[in-house]
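A.B. asks:
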Amino acid sequence: MPSEERYITFSDVEVAAAAQRFVRQRGEKMLGVTVRHVKPIANGDALDGVHVVGNNGIERVTLDLGLAELTAALLSDCFSKKIPIPRNADKQVQFTRGQFVLVLSISNETAPATA
Numbered sequence: 001m002p003s004e005e006r007y008i009t010f011s012d013v014e015v016a017a018a019a020q021r022f023v024r025q026r027g028e029k030m031l032g033v034t035v036r037h038v039k040p041i042a043n044g045d046a047l048d049g050v051h052v053v054g055n056n057g058i059e060r061v062t063l064d065l066g067l068a069e070l071t072a073a074l075l076s077d078c079f080s081k082k083i084p085i086p087r088n089a090d091k092q093v094q095f096t097r098g099q100f101v102l103v104l105s106i107s108n109e110t111a112p113a114t115a
C-alpha cells in the first residue's frame with residue numbers, strides 16, 4: 001500500500017499569526033489581543049499545545065491552546081493561503097528543531113487485484 005508524508009513548516013511568527021486569527025474567531029473578549037509570542041507546551045517529546053503570549057494594549061494576556069486547537073489554527077492558515085490539504089490525510093503537529101511542523105500522512109489503500 002503506497003503512502004506519502006508531507007511536511008509544512010511554520011516559523012514562530014507564522015504560528016503566532018495563525019493563533020491570533022484563531023483566538024479572535026473564538027470570541028469577542030479576544031478581539032483586541034495582539035499575539036506576540038508562542039511557546040511550545042511539551043510532555044517529553046510529544047507536543048501538547050502552545051502557550052500564547054500577547055497584550056491588549058494595556059496588559060499582558062496569556063492563553064494556552066491545546067494540540068487540537070493548534071492543529072485547527074494551522075490548518076485554517078493553510079486554507080486561507082490556498083495550500084492544498086488532502087481531506088483524507090492524518091494531520092499532526094510536531095515541534096522539531098525549534099520549528100512547528102504540520103505533518104500530513106496519506107495512505108492510498110487500493111483494492112486487491114483479481115485474477
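The sequence shown runs 1 to 115 under the UniProt record's numbering. Note that CB positions come from ideal geometry on N, CA and C, so glycine has one too.
Ordered along the chain, which non-local residues of its own chain (more than five positions away) have a Cβ less than 6 angstroms from that of residue 33?
C.D. replies: Answer for residue 33: 54, 56 and 61, listed in chain order.
A.B. asks: Rounded C-beta distance between residue 18 and residue 89? I'm assuming under 8 angstroms.
C.D. replies: 18 angstroms between Cβ atoms; not a contact.
A.B. asks: Who are the Cβ neighbours of residue 42 in its own chain at under 8 angstroms, not counting the five residues just before and after it?
C.D. replies: Around residue 42: 48 and 95.
A.B. asks: Return the chain-ordered list of same chain residues with a C-beta closer than 7 angstroms to the C-beta of residue 67, the five sequence neighbours on each side being excluded.
C.D. replies: Hits under 7 angstroms: 47, 48, 49 and 93.
A.B. asks: In terms of residues, what are the limits of the beta strand (DSSP E) holding residue 4?
C.D. replies: Taken as a continuous stretch (DSSP letters only), the beta strand (DSSP E) holding residue 4 covers 3-10.
A.B. asks: Can you give me the C-alpha to C-alpha distance between residue 58 and residue 75, rounded to a whole angstrom?
C.D. replies: Straight-line Cα distance between these residues: approximately 31 angstroms.
A.B. asks: Who does residue 42 pair with in a DSSP beta bridge?
C.D. replies: Its beta-bridge partners are 47.
A.B. asks: Rank 51, 97, 78 and 98 by C-alpha distance to the C-alpha of residue 91 and give the top, closest one.
C.D. replies: Comparing Cα positions, the closest option is 78.
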